[in-house]
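Novice: This is the structure I have questions about; it appears just below.
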Amino acid sequence: MTSLYDATREDIEVLLEDQPAFRITQIWDGLYKQLLEPEKILTLPAALRTQMTEMLPTALNSVTTSISDKGDTVKFLWSLVNGGHPIETVLMHYRDRATVCVSTQAGCAMACGFCATGQAGFSRHLTTGEIVEQVVRAARESAKRKQRLANVVFMGMGEPLANEAAVWGAVERLHADIGLSARNLTISTVGIVPGIRTLADRPLPVNLAVSLHAARDSLRDELVPINKRYPLADLVQACADYLLKKNRRVSFEWAMIDGINDQPQDARELARLCKRLRPAAHVNLIPLNPTPGWPTKGTSPEGVREFARQLEDLGVNVTIRRNRGTDIDAACGQLAAGQPIKLGARRVVTAE
Ligand code: SAH
Numbered sequence: 001m002t003s004l005y006d007a008t009r010e011d012i013e014v015l016l017e018d019q020p021a022f023r024i025t026q027i028w029d030g031l032y033k034q035l036l037e038p039e040k041i042l043t044l045p046a047a048l049r050t051q052m053t054e055m056l057p058t059a060l061n062s063v064t065t066s067i068s069d070k071g072d073t074v075k076f077l078w079s080l081v082n083g084g085h086p087i088e089t090v091l092m093h094y095r096d097r098a099t100v101c102v103s104t105q106a107g108c109a110m111a112c113g114f115c116a117t118g119q120a121g122f123s124r125h126l127t128t129g130e131i132v133e134q135v136v137r138a139a140r141e142s143a144k145r146k147q148r149l150a151n152v153v154f155m156g157m158g159e160p161l162a163n164e165a166a167v168w169g170a171v172e173r174l175h176a177d178i179g180l181s182a183r184n185l186t187i188s189t190v191g192i193v194p195g196i197r198t199l200a201d202r203p204l205p206v207n208l209a210v211s212l213h214a215a216r217d218s219l220r221d222e223l224v225p226i227n228k229r230y231p232l233a234d235l236v237q238a239c240a241d242y243l244l245k246k247n248r249r250v251s252f253e254w255a256m257i258d259g260i261n262d263q264p265q266d267a268r269e270l271a272r273l274c275k276r277l278r279p280a281a282h283v284n285l286i287p288l289n290p291t292p293g294w295p296t297k298g299t300s301p302e303g304v305r306e307f308a309r310q311l312e313d314l315g316v317n318v319t320i321r322r323n324r325g326t327d328i329d330a331a332c333g334q335l336a337a338g339q340p341i342k343l344g345a346r347r348v349v350t351a352e
């Protein structure tokens with residue numbers, strides 16, 4: 001059975017073929033403009049609301065909702081109705097708007113050793129509807145705080161560009177029906193080069209973030225294993241082409257690992273790489289968050305600031321990402337949805 005947010009407008013027209021066109025518009029606007037559950041679309045007759053709920057069930061069962069940062073960060077743990085896999089979504093409130101971080105797969109096959117999702121392994125791809133539903137349900141939560149959900153980042157569990165078609169379906173729904181601007185949508189990738197190229201051919205200019213973490217192949221091969229398939233030269237070329245085509249800033253994420261990628265040499269290598277994308281590369285430094293399967297520590301706060309200074313001196317645009325929700329395991333790289341991690345399954349990079 002198609003889930004509520006997987007159904008296209010045409011699917012709903014077919015399902016409710018006896019209904020006049022204006023009813024379909026009421027349903028579609030209720031779902032995507034007002035973000036209502038079908039039973040709360042009061043412009044519809046009660047029988048139709050019931051029929052909708054029965055024919056088009058939702059795809060996410062709420063398991064727990066955890067709150068941190070005095071309510072500013074909310075983590076939702078869901079279980080997928082289809083298969084029962086756990087996934088997570090993180091809602092972050094800022095002063096005047098909210099951002100939601102959505103998962104695109106249950107688990108992840110990319111096996112980055114420092115990431116809790118990678119440590120747990122891959123279960124399955126999410127559908128477009130399962131991704132959209134995360135946004136809709138987070139938007140309802142942020143509306144309770146009178147905040148508008150303005151940004152969506154595809155930075156939760158999973159590798160978006162390993163599931164590009166479903167992710168793109170979600171982008172289109174968010175843009176065309178919910179009305180989010182493409183400049184407020186960010187897809188983050190571990191560096192799947194063919195996926196970046198596909199994205200470059202898509203019609204909307206969404207932001208591209210690349211989880212770089214190392215600017216030399218020998219180190220990146222260890223931190224981000226997919227680098228062996230798509231090495232830095234190819235990755236940077238794909239980013240440069242994306243930039244040229246979309247005229248959008250590309251950002252690089254850099255999780256700072258003590259003694260591993262936070263040395264002056266690393267700053268120099270990163271600055272050299274950024275120059276190939278000038279003027280539009282931006283570096284986000286993320287202090288490494290603790291995960292159960294990775295022994296190395298994050299760089300100290302002073303170390304992170306020092307690294308940022310070195311990059312600035314080398315002419316790089318850099319920001320330090322504020323850590324959100326570490327106490328509820330909602331921060332970057334901590335989403336494992338309570339899955340057991342495979343300890344000892346990976347090679348460990350040590351500080352020596
Ligand atoms: N698979 C995509 C989407 C996930 S985004 C990608 O890799 O880009 C999650 C971000 O958090 C990525 O930049 C990832 O590299 C980073 N990350 C993973 N583990 C982390 C950790 N332990 N501490 C800080 N950042 C981490």
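So for the sequence shown, UniProt numbering puts the first residue at 1; every next one is plus one.
All residues carry an ideal CB built from backbone N, CA and C; glycine is no exception.
1. For the ligand SAH, I want to know if S66 counts as a neighbour, meaning its beta carbon is within less than 7 Å of at least one of the ligand's heavy atoms.
2. Compute the distance between the beta-carbons of F122 and T291, then report whether it is under 8 Å.
3. Rounded to whole angstroms, how far is the Cβ of V152 from the Cβ of L180, which I believe are closer than 8 Å?
4. Mapping DSSP to helix, strand and coil, what is Q19?
5. How about P160: is its Cβ closer than 7 Å to a heavy atom in the ligand SAH?
6. Could you check whether I67 and T104 sit closer than 8 Å to each other, using their CB atoms as the reference points?
7. Any heavy atom of the ligand GDP closer than 7 Å to the beta-carbon of L15?
8. For R124, which three-state DSSP category applies?
9. Can you tell which of L273, N289 and L288 has its C-alpha closest to the C-alpha of H282?
10. Pairs of beta-carbons, one from the stretch 288 to 308 and one from the stretch 69 to 77, closer than 8 Å: are there three or more?
11. Measuring from the CB of F22, is there a heavy atom of the ligand SAH at a distance below 7 Å?
12. Report the rounded CA-to-CA distance for G325 versus T65, giving the unit in angstroms.
13. Measure the C-alpha to C-alpha separation of N247 and L48 and round it to an integer number of angstroms.
14. For E88, which of helix, strand or coil comes out of DSSP?
15. Give, in chain order, every unbroken run of the beta strand (DSSP E) that is at least 3 residues long and sits entirely within the stretch 302 to 331.
16. Name the DSSP beta bridge partners of G298, please?
17. The ligand SAH heavy atoms versus the CB of C332: any closer than 7 Å?
18. Mind the definition here: the stretch 16 to 33 touches the stretch 80 to 99 only if three or more C-beta pairs lie below 8 Å; say whether that holds.
19. Which of helix, strand or coil does DSSP assign to I226?
20. Sort E39, A116 and E172 by Cα distance to T8 and report the nearest one.
21. Let me make sure I understand the geometry here. Which of I286, L288, A271 and P287 has the alpha-carbon closest to that of A280?
Specialist: Well, looking at it:
1. no
2. no
3. 6 Å
4. coil
5. yes
6. no
7. This structure lacks the ligand GDP; the ligands present are the ligand SAH.
8. strand
9. L273
10. no
11. no
12. 12 Å
13. 45 Å
14. strand
15. 317 to 320
16. I257
17. yes
18. no
19. helix
20. E172
21. A271
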